[in-house]
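Visitor: My questions will all concern the structure given below.
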DNA sequence: GATGAATGAGATTTCATTCAT
DNA sequence: CATGAATGAAATCTCATTCAT
């Protein structure tokens, strides 16, 4: 899934009638904006920054966005829609709950790897949206949350288990989201390896916990690496 | 541990010579600042906001902080120092690695519960510091990270296990930090119950995984709650 | 030479690409700024003052100047370049060293009369520029200084005299600059007469000294004036 | 004449009753203030700068000065009074007008050499005083100006010459003040030699002009110096 | 005398946004 | 579509000055 495909995943009403050439340009704008927001935060990014980064006049930007917040909204709307769409497709495929969980984790992490900036802007800047915009995006997030909760509940109670998630199931889901979303704070491909491997490890922890790992320790990491995590920036 | 105790936990050089009355006032300022930063983000909090919230003149604030960033630095320095101090004390107590992990998780969550605003400002605004300030704070964070890594490694490899953490041990630690830090995004005492209970559940997941829970499901939650998570703000 | 001609004498890189209409406006801004700086000094002139004097918003000024110092730099750069250009043209004309000195003094004083504010801001605010800006302007000043030194050396040693100025020649040049630059502190056309007359007197003093005047005194000022010097502001 | 002697030269009413210890301290304050003003200008010097330079609290300064302008006034009043006093003493001594002029020039330059900062603050910051303060200082300056005018007139018209200075005599005086005051902009003892030598050269120029020097050139500077003027800062 | 704390006024600069062209 | 010019509002920070202690 390319960035362009995020762009066209779901369209905001305003742009549904835009011509393809306009859409192309809009994609470029949003991608650059995502990079800036991911880097410095939405409040700290200025429209001037964006104009300069795009080699474009300040006034020109306002042909594409009603205002700064609208820019963030469009970015989040597209990105979250694309992520949700992808994950719903994955969840629709057959398999045990454990398999589904694994596929979802990997899918999320792959999306993260491909759209780091965009997803970061979505994950950490929801609060920068106000009122109506906020609610639209939150609804998408909630759908995603409910989907994952459902899978986790099935892992615990079996595929035919009680449909209703318990309080603890929900907490567990929130723990999982924490693991997934915190990755922005530390992941570096050259240091931590491909996201698929991270996904496997995360799934392992979630399903079996550390104890399981202990029982299998020793043979686990035949060639202990000397690299280091969470260091040297 | 009260906020005042955070304040005096460790002192910045500048304030080591300040008189107690000055320190009291400084505590008040930092506490209010933490609340505002936690609410809207550091970039979006203005010195005016802070002055108004404290019923104090703008110029007056600059008696306590060299500039806005210095304010954030002082806040992070104190809070992280206090957290680290507390956790190192806890880690020094005897017990199995599993017990230690449990106590550390609970300790962290209790600190969070008591100093929500301060800790949030620390957790999400590290990047708002530049250069020298950044490095000072990062070093504290790193010490905390290493401490938790060590405990987790012992859980996996046993108390006498290899001192050297593997790459996967470090990833696991980062997953755990994700769970802990993401809590700012959802926790609400009236909805999710006391943090001690959250700590138990988190520890359970980390040690045994979901499968374990499945084996014990059924009796677990005799009275399924009707409340809902991640909703209604 | 009009103010507009100062403006276009030499262009700062930034503005070389500006359109004529922009340049016109910039001229107006700099002229007004020069008046304010001449009146109260650079440090005491505020951007607000300037905006008000131009009936223009504060923010609007920042379209033309990166910051307050840049404003001063542009002003000095243009003015000094124009003065130097004019004087180099004069110096290139044939004549005895004495004639050249006289023409240069008159040229300088005429420039002063036509661009009093601008030249004052240049003469007394060099130290208000920092680092790189300072050096650029100082180089222009130095060229002017060297030119005048050369002429004065020729007056003393003859047109074919030693090319190398002695220490005393250089001191004499500095004395001459003192006479020229101090004029800002006292000259008032209605009280002291046209600058051309001042130029003649100054040249006379420099070439022949007071003694010469003594020898010719008596007939000199047939109708002693009753006006007053250095008074009533 | 030491700085302390400037201080006690003439007293402002306010301080006439101060005790000696207070006066000592006041001297120190004014001396430091003069240095700062000479360096950055009066408007750019802040009371904080001064407090820091003196290792003294901001509020403490206000025991010695009613306000910032009063500080400048006191400084100018003392310095100018001391200079005027010294020069009047010199002028009272017998000798030809030419001798008197020479002694006055040398006296002025020596005062400059001993009290560079103080005199600079007086010479270039008169306009920073307002209303009443301005007039008091200006009166002192005027007395100095009249004294020098009188001597110069006598040089031209002889000791018994018309008491009334002509317009040109006054202009010549202003030229001389220009030479004297501009010295702040370039003089550096290590580069230009002692002020007494500068005084001789200046007097020579004023009395005889460059032509005279030409007639005597060649033998003048037996060992042409290689140093350079107005360069390399 | 001396000082820490405090402040009103104001300085420079930035920002999102608009509009005529 | 695109841009240069412009601006109101506001942000950070500074400054001279005061006052209780």
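Chains as they are written, first to last, in my numbering: chain A, 19 to 251; chain B, 19 to 251; chain C, 19 to 251; chain D, 19 to 251.
All C-beta atoms, glycine included, are put in the ideal place defined by N, C-alpha and C.
Tell me which residue opens and which closes the alpha helix (DSSP H) that residue 60/B is part of.
Guide: Counting along the chain, residue 60/B falls outside any alpha helix (DSSP H), and DSSP gives it neither H nor E.
Visitor: Might you give, ordered along the chain, the residues of its own chain that have their beta carbon closer than 6 Å to the beta carbon of residue 183/C, omitting 5 neighbours on each side?
Guide: So the list reads 167 and 171, once near-sequence residues are dropped.
Visitor: Excluding the 5 residues preceding and the 5 following residue 94/A in the sequence, name in chain order all residues of the same chain whose CB lies nearer than 6 Å to its CB.
Guide: Same-chain partners within the cutoff: 140 and 155.
Visitor: Rounded to a whole number of angstroms, what is the C-alpha to C-alpha distance between residue 57/C and residue 150/B?
Guide: When rounded, the distance between both Cα atoms is 43 Å.
Visitor: Let me check understanding here. Comparing Cα to Cα, which of 186/C, 84/C, 227/C and 234/C lies closest to residue 190/D?
Guide: The shortest Cα separation from residue 190/D among 186/C, 84/C, 227/C and 234/C belongs to 227/C.
Visitor: Between the C-alpha atoms of residue 28/B and residue 99/B, what's the straight-line distance to the nearest angstrom?
Guide: Per-residue confidence for residue 28/B stands at a pLDDT of 47, beneath the threshold of 50, marking its modelled position as unreliable; the derived number appears in the next sentence. Cα to Cα, the separation comes out at about 6 Å.
Visitor: Grouping DSSP H, G and I as helix and E and B as strand, with all else coil, what is residue 106/B?
Guide: Helix at residue 106/B.
Visitor: Which residue from 198/D, 65/D and 131/D puts its Cα closest to that of residue 86/D?
Guide: For residue 86/D, the nearest C-alpha among the options comes from 65/D.
Visitor: Going by other Cβ atoms of all chains shown within 10 Å of its Cβ, with 16 needed for buried, is residue 160/D buried or exposed?
Guide: Looking at its Cβ environment, which holds fewer than 16 other Cβ atoms inside 10 Å, residue 160/D is exposed.
Visitor: Please say whether residue 80/D and residue 44/D have beta carbons closer to each other than 9 Å?
Guide: Contact: no.
Visitor: Report the residue from 105/C, 136/C and 134/C whose alpha carbon sits nearest the alpha carbon of residue 121/C.
Guide: Selected option, being the one with the closest Cα: 105/C.
Visitor: Can you list the residues of chain A that residue 155/B reaches, using a CB-CB cut of under 7 Å?
Guide: Those do not exist, as residue 155/B stays about 13 Å from chain A at its closest Cβ, beyond 7 Å.
Visitor: Just the chain D side, please: which residues come within less than 7 Å of residue 229/C by C-beta, in chain order?
Guide: Neighbours of residue 229/C on chain D, chain order: 225 and 226.
Visitor: With DSSP collapsed to three states, give me the class of residue 143/A.
Guide: Note: residue 143/A maps to coil in three-state DSSP.
Visitor: Any heavy atom of the ligand ATP closer than 8 Å to the beta-carbon of residue 56/C?
Guide: Inclusion of the ligand ATP in the displayed structure is not the case, the ligand content being empty and no account of it being possible.
Visitor: What is the rounded straight-line gap between the Cα of residue 90/A and the Cα of residue 147/A?
Guide: Near 8 Å, if we compare the C-alpha coordinates of residue 147/A and residue 90/A.
Visitor: Check the Cβ of residue 62/A against every Cβ in chain B and list those closer than 7 Å, keeping chain order.
Guide: The answer, in chain order, is 61.
Visitor: Can you confirm whether the region 199-219 of chain C touches the region 213-231 of chain D when touching is taken to mean that 3 or more C-beta pairs between the two stretches lie within less than 8 Å?
Guide: No, the region 213-231 of chain D is not in contact with the region 199-219 of chain C.
Visitor: Using only alpha-carbon positions, find the residue among 42/C, 174/C and 207/C that is nearest to residue 118/C.
Guide: Measuring from the Cα of residue 118/C, the nearest candidate turns out to be 174/C.
Visitor: For a contact meaning CB atoms closer than 9 Å, what does residue 85/D contact in chain C?
Guide: Chain C residues near residue 85/D: none, gap ~16 Å exceeds 9 Å.
Visitor: List the residues of chain A that residue 149/B touches, going by C-beta distances under 8 Å, in chain order.
Guide: Those within 8 Å of residue 149/B in chain A number zero; the least Cβ separation is about 12 Å.
Visitor: Leaving out the 5 sequence neighbours to the left and right, which residues in its chain are closer than 7 Å to residue 54/D when beta-carbon positions are compared?
Guide: Once the five neighbours on either side are set aside, the close Cβ partners of residue 54/D are 63, 67, 68 and 71.
Visitor: At 4 residues or longer, and completely inside the region 159-218 of chain B: list those alpha helix (DSSP H) runs for me, N to C.
Guide: With a minimum length of 4 residues, the continuous alpha helix (DSSP H) runs that stay inside the region 159-218 of chain B are 185-200 and 207-210.
Visitor: Go ahead and pull the three-state DSSP assignment for residue 73/B.
Guide: Coil at residue 73/B, not helix or strand.
Visitor: Alpha helix (DSSP H) containing residue 84/B: first to last residue?
Guide: Premise fails: residue 84/B is in no alpha helix (DSSP H) and is neither H nor E.
Visitor: For a contact defined as C-beta to C-beta under 7 Å, what are the partners of residue 125/A on chain B?
Guide: By Cβ distance, chain B contributes nothing, its closest Cβ being about 17 Å from residue 125/A, past 7 Å.
Visitor: By the 10 Å Cβ neighbour count, where 16 or more other Cβ atoms means buried, how is residue 92/C classified, buried or exposed?
Guide: It counts as buried.
Visitor: Which value, in whole angstroms, describes the spacing of the CA atoms of residue 232/C and residue 114/D?
Guide: So the alpha carbons of these two residues sit roughly 14 Å apart.
Visitor: Please classify residue 138/B as buried or exposed, where buried requires at least 16 other C-beta atoms within 10 Å of its C-beta.
Guide: So residue 138/B counts as buried.
Visitor: From the beta carbon of residue 216/C, is the nearest beta carbon of chain D less than 9 Å away?
Guide: With 9 Å as the cut-off, residue 216/C counts as an interface residue toward chain D.
Visitor: Note down, in chain order, every chain B residue with its Cβ under 8 Å from the Cβ of residue 170/A.
Guide: Going along chain B in sequence order, the residues near residue 170/A (Cβ under 8 Å) are 228.
Visitor: Using a Cβ cut-off of 9 Å (strictly closer), state whether residue 251/A contacts chain B.
Guide: Caution is warranted here: a pLDDT of 33 is assigned to residue 251/A, below 50, making its placement in the model unreliable, and no coordinate value can be reported.
Visitor: Does DSSP put residue 112/D in a helix, in a strand, or in coil?
Guide: Residue 112/D falls in the coil class under three-state DSSP.
Visitor: Where residue 75/C and residue 84/C are concerned, what is the direct C-alpha to C-alpha distance, given to the nearest angstrom?
Guide: Taking the straight line joining both Cα atoms gives about 15 Å.
Visitor: Could you please tell me which residues of the region 180-193 of chain D, in chain order, have their CB closer than 7 Å to any CB of chain C?
Guide: Cβ contacts with chain C come from 182, 184, 185, 186, 188, 189, 190, 192 and 193.
Visitor: Run through DSSP, which three-state label would residue 124/D get?
Guide: DSSP places residue 124/D in helix when its eight states are reduced to three.
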